[in-house]
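Notes for the one structure printed next.
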């Protein structure tokens, strides 16, 4: 199972070839977008001149949307605590997305360096889609 960070989705929407290659390589796995990441993504569409929220939802028709629950909140706290003990702060939406990955025992797929620190990799499975 793969959990996607907004950095991947932004690159996907911008047509970065590596995102399409990654999705193709993993098409048989569950592909999950946390609801909070979906919110970030569709807000970008709502603010854009050429797209609508419906366009954003359609662009992610390949993804399963994962709601944020009490269990997610607890897993998020665990990730934050564990990474802080290793000297790295994970906060905000990044922390919640990492919490979803921990909750689902899944690989977090990112396209930037915010969640690829060694301290995070010691707590959850993380892959930079461009380096896989």
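In UniProt numbering, the protein residues as written are 1 to 132. For glycine and all other residues, C-beta sits at the position ideal for the given N, C-alpha and C. The model shown is predicted, which means the values in this text are computed figures rather than measured ones.
Start-to-end residues for the alpha helix (DSSP H) that takes in residue i
i	result
residue 107	No alpha helix (DSSP H) holds residue 107; the beta strand (DSSP E) holding it covers 107 to 110.
residue 56	53 to 59
residue 17	17 to 25
residue 133	The requested residue 133 does not occur in the structure, where the chain is confined to residues 1 to 132.
residue 118	118 to 121
Beta-bridge pairing of residue i - partner residues as DSSP gives them
i	result
residue 34	66
Anticipated Cβ contact below 8 Å, residue i with residue j, distance rounded
i	j	result
residue 111	residue 8	5 Å
residue 74	residue 35	With 8 Å as the limit, residue 74 and residue 35 do not qualify as a contact, their Cβ atoms being about 17 Å apart.
residue 37	residue 97	6 Å
residue 59	residue 13	6 Å
Residue i, enclosing beta strand (DSSP E) - first and last residue
i	result
residue 3	2 to 4
residue 97	That residue, residue 97, is in no beta strand (DSSP E); its alpha helix (DSSP H) goes 92 to 103.
residue 125	125 to 128
Beta carbon of residue i nearer than 8 Å to that of residue j
i	j	result
residue 32	residue 64	yes
residue 109	residue 3	yes
residue 123	residue 82	yes
Residue burial classification, residue i (beta-carbon count within 10 angstroms, cutoff 16)
i	result
residue 23	buried
residue 76	buried
residue 52	exposed
residue 48	exposed
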